[in-house]
Amino acid sequence: GEKAWKDARGWVLNPLPLAGLEGKTLGNLHVASMQPGAVRGNHAHGSAAEWLLFCGGPAALITGAEEILVGGGEPELFEIPAGLPHAIVNRSDREIFLLVFYEEKELDTAPEKII
55 GEKAWKDARG
65 WVLNPLPLAG
75 LEGKTLGNLH
85 VASMQPGAVR
95 GNHAHGSAAE
105 WLLFCGGPAA
115 LITGAEEILV
125 GGGEPELFEI
135 PAGLPHAIVN
145 RSDREIFLLV
155 FYEEKELDTA
165 PEKII
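Residue numbering for the sequence shown follows our numbering, beginning at 55 and increasing consecutively.
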């Protein structure tokens, strides 16, 4: 089926096909909320990639020296490679949501202060 579409009602997105994980077993899938100004992450995962689907914004995805601005008008999916330190900041004035998923049963998460 389609991976993403939009109509007068809003948008629909199928994140697993977009991530190339359709039909694979996920180790975890969860939703996290972020209040204005909140920071999540500040860590790295050594064993596997992690996918972040931003629903809302603006927000910033910070990976070491790079800062990616997420506008928030449309959902945006990012793959965080294994070993890459990352943090997320809600730069909006409202709550936003992240859908987070990965293949491994458990990610080895190590604190990694970025911001």
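A virtual CB, placed ideally from N, CA and C, is assigned to each residue, including glycine. The model shown is predicted, which means the values in this text are computed figures rather than measured ones.
Would you tell me roughly how many angstroms separate the C-alpha atoms of L75 and L131, rounded to the nearest one?
Looking up residue 75 in the sequence shown gives position 21. Looking up residue 131 in the sequence shown gives position 77. Whole-angstrom Cα-Cα distance: 13 Å.
Can you find at least 3 beta carbon pairs, one from the region 131 to 140 and one from the region 91 to 108, that sit closer than 8 Å?
yes
What is the DSSP secondary structure of L70, counted as helix, strand or coil?
Indexing the sequence shown from 1 puts residue 70 at position 16. Of the three classes helix, strand and coil, the one that applies to L70 here is helix, per DSSP.
L67 to L80, Cα distance in whole Å?
The residue labelled residue 67 in the question sits at position 13 within the sequence shown. The residue labelled residue 80 in the question sits at position 26 within the sequence shown. Taking the straight line from one Cα to the other gives about 18 Å.
Three-state secondary structure (DSSP) at T117?
Against the sequence shown, residue 117 aligns to sequence position 63. In the structure shown, T117 sits in a strand (DSSP, three-state: E or B).
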